[in-house]
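In terms of the numbering used here, the sequence shown opens at residue 2 and continues consecutively. Here a beta-carbon is modelled for each residue, glycine too, at the ideal position from N, C-alpha and C. Computed from a prediction, not measured in an experiment: that's the story for all the values here.
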Amino acid sequence: MCCWTRLRSSLTPYYRAWQIQCDGEFPQCNWCKHHNLACTFNRFRANSDTGHRVIVVAPDTPKAVIPNIADGPQDLLARPSSQVADSTRSSRIGNTFLNNVTYLRGHHVFSNEGQRWIESQVGESVNFDKLFSMELRWLKPLRSYTVPGADAPAGPQLPSRVNVEKYVQIYGSSSQGLVFPVISQPVFGKTLDLAYSHLQLPGSNSAKSCVYAFLALISLFGMDDNIHGAMDCQSYASVAQSFQIPVIEEMTVDGLQTLIMLVQVQYFLGDLQSAAATLSIATRLLYTLEAHTLPANKPSAPYDKGDMRCHLRDLFWLCYSFDKDICLRTGQPPCINDAHCDLTMPPDYVRLHDLNLQQSLPQVDEHLVPLFPWDLRLSMLKSKVYEDLYTAHALQQSVTELLSSIRGLDEALEQWRLSLPIEFRPTLYFSRETPVSANLNTMAVILRLGYYHCLTVIHQASTRCQILEADLAGPRLDGIASSTKLTITASRSTLLYLHKVLPVVNPECSWYGFTDQR
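Quick look at the structure:
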């Protein structure tokens, strides 16, 4: 079954989950576990005697702004406000993402004050139980819950080397391989030599872990049909994770590839906290292997994926891109400090990036410069967004300084948008009437969603102004109002775009749509 079919089929049963009586087993009741549903048993409840509620105070950190309600069932909003308040007395502690969302006027969006403010603006109340249930449908953390002391289940065996080599060829010639160049076909041959050797050679454990992580990625992207039979992404990823200690000890390129592929799997499954933790280890390997720098006094050579230095730089840019995106989604500091890295892009990157965008699927070979997720220029801008708006130093800015930072970042984002080829340039906003091409490719979807997400994160910072100063007036108040409108417009554009594009999008685009919607 392809990736698109699996993701699409997972959307339909969400409305059934809340009808089932769960037995309260942790982490899932038996019924939900066997039906692959988010368990709706509510273990955390308010103290009815004291009336105390557990309220999570949200830091001023960037998060995805608009919950997933724009195109949901009509009865999602139809619920008395008293019932909403009662239902939200239950702490959603397990969902760190939603519990840290801050939205407009400084209110926590799921606090009583936030709910009352939303109700006053839209005239209706949100059924948060259904909202959380919908969100959990595509939040599938890659974690194994086992009884302490119990033997871990045996993982899958590696398929034949011939089958793995077929997967390598498929991935290397695909759009995913162009956007996520985590393996190099010439280099990966040596990885297979180590992984399939009967001898326990130095680096063998990292090589085996790398192959398992690669198979997990192949399964996630739906490339595993008709070669090795059914493949379980989570089983392969769990085996790859079990090699983490030797991966850290051996410090090899194979180990680095393993960690980056696990980051991809965790990211696409919505487990951003695990992805961030894995990425922090990968960053240390990057530094050890000196992938964050370029050789001094060496002339720029044409791109060659078979050259280990080029491949290491590809791995650096993959880590960099995920790091800067994850820090904006979790609100936690990035792992990679730009000041310690050489951020020179691959030779002729901008021209080749625009050229590759305009081809449905370029002829992929060792000399084709990868596209990388989002666009390296946008990833560097994300780094500046976090640095200027969400670091500890940035949180001490005055209202005037904050609005100035927002304005400068907005201008930089607009310059990036205008630099893209017009046929792939995101529109300033997306409405129900905006046409969508039936021949969308992966990068066209990624760039538009990335633009709206970055715009939201930039202007969402203006909500702090209403906490910093209560006597706002004049131009500063106008600036805050403008940022608020842009935040709402960008968030609405994301939802409307996803609603329209998912029925016609190419299968390989679907994973990013769900991840970005969080």
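| field | Residue interval of the alpha helix (DSSP H) (run including residue 451) | value | Translated into the one-based positions of the sequence shown, residue 451 becomes position 450. Its alpha helix (DSSP H) spans residues 443-461.
| query | Is residue 411 helix, strand or coil by DSSP? | reply | By 1-based counting over the sequence shown, the position of residue 411 is 410. In this structure, residue 411 counts as helix in the three-state DSSP scheme.
| task | Work out the CA separation of residue 255 and residue 268 for me, nearest whole Å. | result | Residue 268 sits at position 267 when you count from the first residue of the sequence shown. Residue 255 sits at position 254 when you count from the first residue of the sequence shown. Across the structure, residue 268 and residue 255 are spaced so that their CA atoms are roughly 20 Å apart.
| message | Please classify residue 289 as buried or exposed, where buried requires at least 16 neighbouring CB atoms within 10 angstroms. | response | For the purposes of this step, residue 289 is identified with residue 288 of the sequence shown, where counting begins at 1. By the 10 Å Cβ count, residue 289 comes out exposed.
| Taking just the CA atoms, how far does residue 285 sit from residue 158? | Walking along the sequence shown from the start, residue 158 turns up at place 157. Walking along the sequence shown from the start, residue 285 turns up at place 284. The alpha-carbon atoms of residue 158 and residue 285 are separated by roughly 29 Å.
| said: Quick test of your reading: residue 343 and residue 295, contact by CB under 8 Å. State the CB separation rounded to the nearest angstrom. | reply: Residue numbering aside, residue 343 sits at position 342 when the sequence shown is read from its first letter. Residue numbering aside, residue 295 sits at position 294 when the sequence shown is read from its first letter. That belief holds up - the Cβ atoms of residue 343 and residue 295 are roughly 5 Å apart, short of 8 Å.
| said: Please state the DSSP three-state secondary structure of residue 376. | reply: Working through the sequence shown from its first residue, we reach residue 376 at position 375. Residue 376 falls in the coil class under three-state DSSP.
| Given residue 444 as reference, the closest of 211, 421, 413, 262 once Cα atoms are compared | Looking up residue 444 in the sequence shown gives position 443. Nearest option by C-alpha distance: 421.
| said: Considering Cα atoms alone, identify which of 484, 411, 169, 184 is closest to residue 315. | reply: Along the sequence shown, read from residue 1 onward, the residue named residue 315 stands at position 314. Looking at the Cα atoms, 184 is the closest of the given residues.
| field | DSSP three-state assignment for residue 433, whether helix, strand or coil | value | Counting from 1 along the sequence shown, the entry for residue 433 is found at position 432. Coil.
| query | Is DSSP giving residue 197 helix, strand or coil here? | reply | On the sequence shown, position 196 is the one that residue 197 refers to. Note: residue 197 maps to coil in three-state DSSP.
| Identity of the residue in 390, 222, 423, 208 nearest residue 455 by Cα | Within the sequence shown, the letter at position 454 stands for residue 455. Considering only 390, 222, 423, 208, the residue with the shortest C-alpha distance to residue 455 is 390.
| task | Counting only runs of 4+ residues fully inside the segment 308-335, write out the alpha helix (DSSP H) ranges in chain order. | result | Annotation: the segment 308-335 contains the following complete segments of the alpha helix (DSSP H) (minimum length 4 residues), in chain order: 309-331.
| message | For a test of your reading of the model: does the CB of residue 122 fall under 7 Å from any non-hydrogen atom of the ligand NAP? Yes or no. | response | Of the ligands one can find in the structure shown there are none, so the ligand NAP has no counterpart to examine.
| Local Cβ density within 10 Å of residue 192, reported as buried at 16 or more and exposed below that | Counting from 1 along the sequence shown, the entry for residue 192 is found at position 191. By the neighbour-count rule (16 or more Cβ atoms within 10 Å), residue 192 is buried.
| query | With a cut-off of 8 Å, do at least 3 Cβ pairs link the segment 206-220 to the segment 246-261? | reply | With a cut-off of 8 Å, the segment 246-261 and the segment 206-220 count as touching, because enough Cβ pairs lie within range.
| request: To the nearest angstrom, report how far apart residue 407 and residue 372 are at their CA atoms. | output: Numbered from 1 along the sequence shown, position 406 holds the residue referred to as residue 407. Numbered from 1 along the sequence shown, position 371 holds the residue referred to as residue 372. Approximately 28 Å between the Cα atoms of the pair.
| field | Selection from 272, 347, 458 that minimises the alpha carbon distance to residue 388 | value | Position 387 of the sequence shown, counted from the start, is the residue given in the question as residue 388. Of the candidates 272, 347, 458, the one whose C-alpha sits nearest the C-alpha of residue 388 is 458.
| message | Using only the alpha-carbon positions, how far apart do residue 430 and residue 498 sit? | response | Counting from 1 along the sequence shown, the entry for residue 430 is found at position 429. Counting from 1 along the sequence shown, the entry for residue 498 is found at position 497. About 9 Å.
| field | Secondary structure of residue 357, DSSP reduced to three states | value | Here the question's residue 357 lines up with position 356 in the sequence shown. Residue 357 sits in a helix when the DSSP states are folded into three classes.
| Quick one, are the C-beta atoms of residue 215 and residue 252 less than 8 Å apart? | Against the sequence shown, residue 215 aligns to sequence position 214. Against the sequence shown, residue 252 aligns to sequence position 251. Judged by beta-carbon spacing, residue 252 lies beyond the 8 Å limit of residue 215, meaning their Cβ atoms are not closer than that value.
| query | If you check the beta carbons only, do residue 321 and residue 370 fall under 8 Å apart? | reply | Within the sequence shown, numbered from 1, the residue matching residue 321 stands at position 320. Within the sequence shown, numbered from 1, the residue matching residue 370 stands at position 369. No.
| request: Starting from residue 206, trace the alpha helix (DSSP H) both ways and give me its first and last residue. | output: Looking up residue 206 in the sequence shown gives position 205. DSSP places residue 206 in the uninterrupted alpha helix (DSSP H) bounded by 205-221.
| said: Our contact map puts residue 180 next to residue 348 with C-beta atoms below 8 Å; I'd like the distance itself, whole angstroms only. | reply: Here residue 180 refers to the residue found at position 179 when the sequence shown is read from its first residue. Here residue 348 refers to the residue found at position 347 when the sequence shown is read from its first residue. Not quite, the Cβ-Cβ distance comes to about 19 Å (not below 8 Å), so this is no contact.
| query | residue 501 to residue 452, Cα distance in whole Å? | reply | As a position in the sequence shown, residue 501 is number 500, starting the count at 1. As a position in the sequence shown, residue 452 is number 451, starting the count at 1. Each residue's alpha carbon lies about 17 Å from the other.
| Under the three-state DSSP convention, the category residue 269 falls into | In the sequence shown, residue 269 corresponds to position 268, counting from 1. In the structure shown, residue 269 sits in a helix (DSSP, three-state: H, G or I).
| Contact set for residue 237: own chain, Cβ-Cβ below 8 Å, skip 5 residues either direction | The sequence position of residue 237 within the sequence shown is 236, counting from 1. Cβ neighbours of residue 237 beyond the five flanking positions: 156, 157, 213, 214, 216, 217, 220.
| message | Given this structure, state the Cα-to-Cα distance separating residue 533 from residue 485, to the nearest angstrom. | response | Shown here, the chain extends from 2 to 519; a query on residue 533 therefore has no answer.
| message | Given this structure, state the Cα-to-Cα distance separating residue 292 from residue 203, to the nearest angstrom. | response | Indexing the sequence shown from 1 puts residue 292 at position 291. Indexing the sequence shown from 1 puts residue 203 at position 202. Cα-Cα distance, rounded: 21 Å.
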